[in-house]
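Report on one structure; see the data block that follows.
There are 2 protein chains.
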Amino acid sequence: MKWNEVSSEQCSVARVSAVLGDRWTLVILSECFLGVRRFEHFKERLDIPRTTLSTRLQRLEDHGVLERRLYQEGPDRHEYRLTPKGVALYPVLSTIVTWGDTYYSDEAGPPILRKHVECGHDIQPVLACPECRNDITPRQMSARKRPDGPGQQPVRRGPITG
Amino acid sequence: MKWNEVSSEQCSVARVSAVLGDRWTLVILSECFLGVRRFEHFKERLDIPRTTLSTRLQRLEDHGVLERRLYQEGPDRHEYRLTPKGVALYPVLSTIVTWGDTYYSDEAGPPILRKHVECGHDIQPVLACPECRNDITPRQMSARKRPDGPGQQPVRRGPITG
């Protein structure tokens, strides 16, 4: 085992979990991808305490995931829009939905169907290799430190997954 | 706007966030995919309080994401292994890493490189359509309630993303 050479502290998960690692934050982001923008709408739909919602939106704004835009003056009212960095979270939310659909749906199936409008099929997006276009499984992936960092050798051939 | 017809409470995000919506949980899962299995190893690598680690591992076990297996008797010692349901979280962790690599790397690039062993390329996995094999962007996806539920009409054509 060489896992002692690669730490998730070094990798991106720890950094990202500081932004996303919160139950409400994931649900708020999901609402954003459904087109929800306004404080009162988030609040009504999620039945979330005002302070909790306010804190989470502020943090997402601080991290550049959402931006506030004025949509009404006197009194000023803002709405929350996904920035490009926020839109780039779509694969994260999408894979969460897929996992939830697989393991947390009732017997009738997923509560929401997703269609790939481009080809017209109801699908669940898959993880693919941008080079060979094949589906990716965890055992086909290896991880190593960046060559200019300390410790250049490959650290594993596929994770140990079970 | 028809977002009032689809709620993320109905969809899988709320259910999943009860399992994953925690900073430590995401980092612990990332360690699992690197092959870490033992309590003391998680503890050393993450510098996490024992009680916090214990609680998180127990919850992942309760949800069937990890299972404990005996690896030593007298005294009995267990290790934590990803179940198939746990392995199925790979796309979630992978897309989190990709997003973190994009927005939280230092100037030299991502701290860890990932290789698709099957084709030999260093890659970041992408989200693809299993039918047409094209890459997926959020604007190409639509969502609607399951036809046998209340409200059968499509609720949007692509999320409003900015």
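Chains as they are written, first to last, in the numbering used here: chain A, 1 to 162; chain G, 1 to 162.
Idealized CB from N, CA, C, for every residue including glycine.
The alpha helix (DSSP H) enclosing residue i, as first and last residue numbers
| i | result |
| --- | --- |
| Glu28 (chain G) | Before going on, a small fix: residue 28 (chain G) reads as Ile here, not Glu. First-last of the alpha helix (DSSP H) with Ile28 (chain G): 23-33. |
| Ile96 (chain G) | 90-104 |
| Glu61 (chain A) | 50-62 |
| Glu44 (chain G) | 39-46 |
| Val36 (chain G) | Unbroken run through Val36 (chain G): none, as it is neither H nor E. |
| Ala18 (chain A) | 12-20 |
Rounded straight-line distance, which links the Cα of residue j to that of residue i
| i | j | result |
| --- | --- | --- |
| Thr25 (chain G) | Gly74 (chain A) | 44 Å |
| Asp76 (chain G) | His63 (chain G) | 23 Å |
| Thr51 (chain G) | Ile112 (chain G) | 29 Å |
| Phe33 (chain G) | Asn134 (chain A) | 21 Å |
| Asp106 (chain G) | Gly100 (chain G) | 11 Å |
| Pro138 (chain G) | Thr98 (chain A) | 14 Å |
| Pro110 (chain A) | Val13 (chain G) | 12 Å |
| Leu53 (chain G) | Leu89 (chain G) | 19 Å |
| Lys85 (chain A) | Ala18 (chain A) | 15 Å |
| Pro140 (chain A) | Val117 (chain G) | Looking at the sequence itself, residue 140 (chain A) is Gln, so the reference to Pro does not match. Rounded to whole angstroms, Gln140 (chain A) to Val117 (chain G) spans 5 Å at the Cα level. |
| Glu131 (chain G) | Thr83 (chain A) | 29 Å |
| Pro49 (chain A) | Glu67 (chain G) | 35 Å |
| Pro147 (chain G) | Ala108 (chain G) | 49 Å |
| Asp22 (chain A) | Tyr71 (chain G) | 33 Å |
| Ile28 (chain A) | Phe42 (chain A) | 7 Å |
| Val65 (chain A) | Ser142 (chain G) | 22 Å |
| Leu20 (chain G) | Ser30 (chain A) | 14 Å |
| Arg69 (chain A) | Val87 (chain A) | 16 Å |
| Arg81 (chain G) | Asp47 (chain A) | 36 Å |
| Leu57 (chain G) | Leu93 (chain G) | 17 Å |
| Gly35 (chain G) | Arg114 (chain G) | 15 Å |
| Gly120 (chain A) | Cys119 (chain G) | 29 Å |
| Glu40 (chain G) | Glu40 (chain A) | 45 Å |
| Thr102 (chain A) | Thr102 (chain G) | 28 Å |
Distance CB(residue i)-CB(residue j) smaller than 8 Å
| i | j | result |
| --- | --- | --- |
| Thr95 (chain G) | Pro91 (chain A) | yes |
| Pro125 (chain G) | Leu127 (chain A) | yes |
| Arg45 (chain G) | Glu79 (chain G) | no |
| Ile123 (chain G) | Cys129 (chain G) | no |
Segment limits, beta strand (DSSP E) that includes residue i
| i | result |
| --- | --- |
| Gln72 (chain A) | 66-72 |
| Leu82 (chain G) | 77-82 |
| Ala143 (chain A) | 141-145 |
| Ala128 (chain A) | 126-128 |
| His116 (chain A) | 112-116 |
Cβ distance (whole Å) where residue i is taken to contact residue j below 8 Å
| i | j | result |
| --- | --- | --- |
| Arg144 (chain A) | Tyr104 (chain G) | At roughly 19 Å, the Cβ-Cβ gap does not stay under 8 Å, so Arg144 (chain A) and Tyr104 (chain G) are not in contact. |
Positions along the segment 103-114 of chain G whose CB lies within less than 9 Å of some CB in chain A: Tyr103, Tyr104, Ser105, Ala108, Gly109, Pro110, Pro111, Ile112, Leu113, Arg114
Along the segment 10-24 of chain G, what residues have a CB closer than 8 Å to any CB found in chain A? Gln10, Cys11, Ser12, Val13, Ala14, Arg15, Val16, Ser17, Ala18, Leu20, Gly21, Asp22, Arg23, Trp24
Cβ-based contacts, 9 Å cut-off: residues of the segment 71-96 of chain A near chain G: Arg81, Leu82, Thr83, Pro84, Lys85, Gly86, Val87, Ala88, Leu89, Tyr90, Pro91, Val92, Leu93, Ser94, Thr95, Ile96
What residues in the segment 129-151 of chain A have a beta carbon less than 9 Å from any beta carbon of chain G? Cys129, Pro130, Glu131, Cys132, Arg133, Asn134, Asp135, Ile136, Thr137, Pro138, Arg139, Gln140, Met141, Ser142, Ala143, Arg144, Lys145, Arg146, Pro147, Asp148, Gly149
Could you list the residues in the segment 52-66 of chain G with a C-beta less than 7 Å from some C-beta on chain A, going in chain order? none
Check each residue of the segment 27-40 of chain A: if its Cβ is closer than 9 Å to any Cβ of chain G, include it; give the result in chain order. Val27, Ile28, Leu29, Ser30, Glu31, Cys32, Phe33, Leu34, Gly35, Val36, Arg37
Along the segment 116-127 of chain A, where does the CB come closer than 7 Å to a CB of chain G? Name the residues. His116, Val117, Glu118, Cys119, His121, Ile123, Pro125, Val126, Leu127
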